[in-house]
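These notes are about the structure you will find just below.
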Amino acid sequence: MSDLLPLPAPGAPRPLASTKAAPSRDPDDVGTQFETLFLTYLVKELKLGKTPGLDGAEESGVPGASVYEGFITSALAESLSKSGAFGIGKAVAEYVREHAAGSEAQGTTKP
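Start counting at 1 in the sequence shown, then tack on 192, and there's your number in our numbering.
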């Protein structure tokens, strides 16, 4: 119970700093995250996350069908990204490494 944050009083100002963890700066993580995001949009646009019987289900009266399709889309995109079949994550990681090394040599990195 000690890890719960206290609720602010009504009308109290909200803190400016975010409580989220800092995003990863590891090039491999950045590449994987980018590839997963890209493939999520690709799968969604190609409608590969649609399941038989749920296609157009919101109109047919199946409640929550879009939620399940979102889960399927995310799982499929993550699986494709982890397989490395597209190579987008590797290319992004290599690009980040090259440009991070160049900016460190010039002394222009951000903390």
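All residues carry an ideal CB built from backbone N, CA and C; glycine is no exception.
No residue range can be given for L240, since it is assigned to no alpha helix (DSSP H) and is classified by DSSP as neither H nor E. Secondary structure of D218 (DSSP, three-state): coil. By the neighbour-count criterion, in which a residue is buried when 16 or more other Cβ atoms sit within 10 angstroms of its Cβ, A257 is buried. If you look at A269, you'll find it in the alpha helix (DSSP H) that goes A257 to S275. Contact between T224 and A269 does not hold, since the beta-carbon distance rounds to 11 Å and is not under 8 Å. With respect to the C-alpha of F230, the residue from V288, A292 and S273 having the closest C-alpha is S273.
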